[in-house]
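Trainee: Chains as they are written, first to last, in this note's numbering: chain A, 1 to 38; chain B, 39 to 248. C-beta atoms are modelled at their ideal positions from N, C-alpha and C, and glycine is treated no differently. Since this is a predicted model, take the numbers as computed values, not measurements. I have a structure I would like to understand better, so I am pasting it below and will then ask my questions one at a time.
In structure tokens, the structure reads:
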């Protein structure tokens, strides 16, 4: 909670982070490509 | 990696086109939480539990991609989602048609340099490629072969990927959706945007002919 508060103070837009992460997650999970580090 | 670069490229194109990245937060996508959950389950099955039973691996991969397809169908009116969903459906179709994992031919495995025994085992048909969704299936035995993992990027480092037609369609849909969302006001109905675009083109033509 404190970390989240600190990042919000630092100006992180959590809704935007969630949107970009979700888009990436959709693309990678839906792909046939190798996922993650290897 | 190609998907990370594709999303990054779409963000750059959207910005250069005068869009704003904050507009991505205004796009309403029902059941969006399914995407990070699906990816988390896939990462767990592939990386967290490397010795996972084949049936369980198939259940996780097919189930998670099916969930993404449902999300795409639920949101198909959102720009780019129908195309991205088509890409997911193409990958899902070829995986289901070949037992639940993405088929890759021995020739493609060899051409892509995935030669380590830790990765391909003895390379025999039916072998699951470690840390991937792929299974080795001879070309002649692959159902829906056009949709299989059959293209090799021939690029350096992490860009040297093997990909499917569905991957290309999926990435195009995602990139188009990002650029559109960044450059259009999500609170304006699509029909109204088309009218505005048409009116703008008319005004431009009127000015150009003066």
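Helix, strand or coil: how does DSSP classify residue 37 (chain A) here?
Mentor: Because the pLDDT at residue 37 (chain A) is just 48, under 50, the model does not fix this residue reliably, and the value given afterwards should be weighed accordingly. In the three-state reduction of the DSSP assignment, residue 37 (chain A) falls in the coil class, being assigned neither a helical nor a strand state.
Trainee: In the DSSP assignment, the beta strand (DSSP E) including residue 144 (chain B) goes from what residue to what residue?
Mentor: That residue, residue 144 (chain B), is in no beta strand (DSSP E); its alpha helix (DSSP H) goes 144-149.
Trainee: Hey, would you say residue 185 (chain B) sits closer than 7 Å to residue 210 (chain B), going by beta carbons?
Mentor: no
Trainee: With a threshold of 16 other CB atoms inside 10 Å of the CB of residue 54 (chain B), please say whether the residue is buried or exposed.
Mentor: exposed
Trainee: Quick one: is residue 163 (chain B) buried, meaning 16 or more other Cβ sit within 10 Å of its Cβ, or exposed?
Mentor: Residue burial is scored here from C-beta neighbours: residue 163 (chain B) has fewer than 16 other C-beta atoms within 10 angstroms and is therefore classed as exposed.
Trainee: Residue 87 (chain B) and residue 139 (chain B) look like a contact to me (Cβ under 8 Å); what is the Cβ gap, rounded to whole Å?
Mentor: Rounded, the Cβ-Cβ distance is 15 Å, inconsistent with contact.
Trainee: Do residue 76 (chain B) and residue 29 (chain A) count as a contact pair if the criterion is CB distance below 7 Å?
Mentor: Cβ distance < 7 Å, so residue 29 (chain A) and residue 76 (chain B) count as in contact.
Trainee: Closer than 9 Å between beta carbons: that is the criterion. Which residues of the stretch 165-182 of chain B meet it against chain A?
Mentor: 167, 168, 169, 170, 171 and 172
Trainee: Kindly give me the distance between the Cβ atoms of residue 112 (chain B) and residue 220 (chain B), rounded to whole angstroms, as I take these residues to be in contact under 8 Å.
Mentor: Contact between residue 112 (chain B) and residue 220 (chain B) does not hold, since their C-beta atoms are separated by about 22 Å, which reaches or exceeds 8 Å.
Trainee: Closer than 8 Å between beta carbons: that is the criterion. Which residues of the stretch 196-207 of chain B meet it against chain A?
Mentor: 199, 200, 201, 202, 204 and 205
Trainee: Using 8 Å as the threshold, is the stretch 127-141 of chain B in touch with the stretch 173-188 of chain B, meaning 3 or more CB pairs across them?
Mentor: yes
Trainee: Please confirm whether residue 118 (chain B) and residue 215 (chain B) have their CB atoms less than 7 Å apart.
Mentor: The Cβ-Cβ distance between residue 118 (chain B) and residue 215 (chain B) falls below 7 Å.
Trainee: Name the chain A residues that come within less than 8 Å of residue 216 (chain B), Cβ to Cβ?
Mentor: Near residue 216 (chain B) (Cβ distances below 8 Å), the residues of chain A are 23.
Trainee: Just reading off the beta strand (DSSP E) that residue 206 (chain B) is part of, what are its end residues?
Mentor: Where residue 206 (chain B) is concerned, there is no enclosing beta strand (DSSP E), although the alpha helix (DSSP H) it sits in stretches over 203-221.
Trainee: If the criterion is Cβ atoms closer than 7 Å, does the pair residue 52 (chain B) and residue 212 (chain B) meet it?
Mentor: no
Trainee: Short of 7 Å Cβ to Cβ, which residues in the stretch 49-80 of chain B face chain A?
Mentor: 59, 60, 62, 63, 70, 73, 74, 76, 77 and 80
Trainee: Assuming the contact rule is C-beta atoms closer than 8 Å, residue 21 (chain A) and residue 74 (chain B) should be a hit. Round their C-beta distance to whole Å, please.
Mentor: 6 Å
Trainee: What does the alpha-carbon distance come out to for the pair residue 59 (chain B) and residue 15 (chain A)?
Mentor: 11 Å
Trainee: Using the Cβ count rule (16 or more neighbours within 10 Å means buried), how would you classify residue 115 (chain B)?
Mentor: Classified as exposed, residue 115 (chain B) has fewer than 16 neighbouring CB atoms from the shown chains inside 10 Å of its CB.
Trainee: So the candidates are B:109, B:47 and B:190; which of them puts its Cα closest to the Cα of residue 146 (chain B)?
Mentor: B:190
Trainee: Alpha carbon to alpha carbon, how far is residue 96 (chain B) from residue 142 (chain B)? Give it in angstroms, no decimals.
Mentor: 16 Å
Trainee: Taking the alpha carbon of residue 24 (chain A) as the point to measure from, which residue in B:72, B:144 and B:66 has its own alpha carbon closest?
Mentor: B:72
Trainee: How many Å lie between residue 150 (chain B) and residue 43 (chain B) at the Cα?
Mentor: 20 Å
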